[in-house]
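Enquirer:
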Amino acid sequence: MILITGATGHLGTAVLETLLQKTDPSQLAALVRDEQKAAGLKAQGVSIRVGSYHDSASLDQAMRGIEKVLLISGGGEDDALQQHYNVIDAAQRAGVRCLAYTSRALKDPATLANQLMERHFQTEAYIQASGLPYILFRNILYMDVLPLFTGPQVLETGINLPAGQGRVAYALRSEMGEAIANVLLESSCDNRVYRFTGSEAYSFADVAAALAGAAGQPVRYTPIEAATFAAGMQARGVPELATRRTIGFLTDIKNGQEAEVSPELETVLGRPPMSLAEGVKLLYKF
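Quick note: our numbering has the sequence shown finishing at residue 461, numbered continuously throughout.
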């Protein structure tokens with residue numbers, strides 16, 4: 176039986192959509208904080224386990240009868256790393272036979288500007304030290320975040336970000352969820368590390384060109400300084416923490432942290448992942 180944590184979130188939903196197409200729902204369980212949000216999963220025959228990463232007792236209950244767990248990384252809370260440790264500890268207590276984790280495909284964890292990402296590699300180390308058989312999914316930045324970076328008025332304003340000429344091998348979250356589900360169903364738990372990225376790395380100038388092609392009008396990318404970007408965010412009332420984290424993401428992009436391309440997503444999907452041009456049409460609803 177496979178337990179998916181964070182089952183009603185975006186990635187958890189994508190994973191479960193594929194699992195439900197390819198295996199009996201009686202073999203699936205979903206860890207959720209709000210049972211009402213999982214009503215659709217329950218109706219399809221998925222076992223609903225109510226709990227949270229904070230609550231070790233609920234995690235122990237959720238792990239009963241489970242052979243394989245997908246730990247979907249938590250949010251940006253201060254105790255996010257401890258939350259991950261709680262899930263790993265519960266899996267260990269339950270004698271789970273395989274623990275999978277959604278980590279990040281970054282070039283050099285030792286030189287990250289966005290310190291929030293460090294917890295992924297600390298979680299990896301904790302899993303490896305636990306002695307549990309594991310699978311690590313190192314996922315690239317979701318293509319889905321592009322509208323958040325460019326803003327809703329991008330056709331009028333262009334793209335103005337402190338990302339230099341940095342490139343990202345974006346992939347759609349839905350395709351990464353599909354690939355993760357394929358691995359969970361087909362792979363033995365052999366301490367394998369997968370790097371899931373798109374087939375090509377793109378700069379924000381490439382994003383602007385893709386938007387221009389889809390919209391039929393010019394769109395320009397202008398690299399700006401981080402201080403200028405921060406001032407603009409402040410003027411719009413964006414909280415300082417959110418601004419700092421966004422700049423961290425963009426600085427890592429500028430420094431090439433997200434640029435490495437791996438063929439593994441294409442291999443596991445059995446087809447090329449969606450290109451930037453196709454993804455822009457989907458995400459910006461052209």
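Ideal Cβ placement from N, Cα and C applies to all residues, glycine included.
#1: Which residues does DSSP pair with C273 in a beta bridge?
#2: When the Cα of L444 is compared with those of T426, L347, E435 and K456, which residue comes out closest?
#3: Decide if the segment 304-320 is in contact with the segment 389-403; the criterion is three or more beta carbon pairs, one per stretch, under 8 Å apart.
#4: How long is the line joining the alpha carbons of V261 and T442, rounded to whole angstroms?
#5: For G249, count the other beta carbons within 10 Å of its own beta carbon; 16 or more makes it buried, fewer makes it exposed. Which is it?
#6: Could you have a look at V382 and say whether DSSP puts it in helix, strand or coil?
#7: Going by alpha carbons, who is nearest to R370 out of Y396, A384, E435 and A417?
#8: Who are the Cβ neighbours of G352 in its own chain at under 6 Å, not counting the five residues just before and after it?
#9: Give the range of the beta strand (DSSP E) segment to which Y459 is assigned.
#10: Go through its chain and collect everything with a Cβ distance to H259's Cβ below 6 Å, but skip five positions before and after it.
#11: Within 10 Å of its beta-carbon, does T421 have 16 or more other beta-carbons around it, so buried, or fewer, so exposed?
#12: Please go through the same chain and pick out, in chain order, the residues whose beta-carbon is closer than 8 Å to the beta-carbon of R239, but skip the five residues on each side of it.
#13: Which of helix, strand or coil does DSSP assign to L206?
#14: Quick one: any contact between the segment 322-337 and the segment 269-286, if contact means 3 or more CB pairs under 8 Å?
#15: Around the C-beta of N289, are 16 or more other C-beta atoms found within 10 angstroms, so that it is buried, or is it exposed?
#16: Please report the distance separating the alpha-carbon of E293 from that of T286.
#17: With DSSP as the reference, identify every bridge partner of Y396, one or two as the case may be.
#18: Between the C-alpha atoms of R367 and Y301, what's the straight-line distance to the nearest angstrom?
#19: For F312, write down the residues that DSSP places opposite it in a beta bridge.
#20: Could you tell me the alpha carbon to alpha carbon distance between A204 and L311, rounded to whole angstroms?
Expert: This is what the structure holds:
#1: K243
#2: L347
#3: no
#4: Note that residue 261 corresponds to Asn in the displayed sequence, not to Val. Approximately 33 Å, taken between the alpha carbons.
#5: buried
#6: helix
#7: E435
#8: L186, A189 and V190
#9: Run containing Y459: none; DSSP gives neither H nor E here.
#10: T298
#11: buried
#12: A269
#13: strand
#14: no
#15: buried
#16: 10 Å
#17: I334
#18: 15 Å
#19: T277 and Y369
#20: 20 Å
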